[in-house]
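Here is the structure we will look at.
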Amino acid sequence: MNLANKKGITPLMIITLLLSFAVAVSVVVMNLGSAQVEETAECTVSTDLSFSKISGQEQVCYDASQKIFSFTVENGVNINIDGLVVNIIGTQKAESFNLDEAKMVKAGVYLGRVPFDTAVSGEIRQVKISPKMVPYDQEQVCQEQAIVLESVNPC
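Below, the structure is given as structure tokens:
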């Protein structure tokens, strides 16, 4: 048997195969890792979002004649807010409003007005206003930092 004429895997081919295998394994690990980070992502910066108060009265009301829910919110000093999500739960129907124009700088104020018809959706039972932020190039709605109101005065 002549060993000199045998063909086998050259060292260069072995290196190429090992590198290909290492790249494939690292791609799989990175994909699993990024999916885990997205799954556990939360809004870590506190917004301190609150309803504005004038003379001790929260600036939130419902105008039944114009069918408009009005509110004024204040941002805290920690982070800019890039929008709001307003959820109004009525006795007949719940409605959501995405307010991308509700951008607030640190310590900023926003006066909001959204349409809500009590004839269609029923009396307002709860209002929940959640801030939207873009901390790391991906928009997040921070429901854990939402402000909730369960009684709305007429305007």
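Mapping the sequence shown onto the numbering used here, position 113 (from 1) lands on 621, and the numbers just tick up by one.
Where is the CB? At the ideal position from N, CA and C, for every residue including glycine.
Quick caveat: nothing in here was measured; it's all calculated off a predicted structure.
query, result
"What are the partner residues of residue 662, as DSSP defines its beta bridges?", "570"
"Looking at residue 622: is its Cβ nearer than 7 Å to the Cβ of residue 577?", "yes"
"So what's residue 602 in DSSP terms, helix, strand or just coil?", "strand"
"Please determine if the stretch 560-567 and the stretch 602-616 are in contact, where contact requires at least 3 C-beta pairs separated by less than 8 Å.", "no"
"Starting from the Cα of residue 607, find the closest Cα among 533, 540 and 589 and give me that residue.", "589"
"So for residue 639, helix, strand or coil by DSSP?", "strand"
"In this structure, how does DSSP classify residue 628 when only helix, strand and coil are distinguished?", "helix"
"For residue 630, which residues of its own chain have a beta-carbon under 8 Å away from its beta-carbon, when the five flanking residues on both sides are left out?", "598, 599, 600 and 601"
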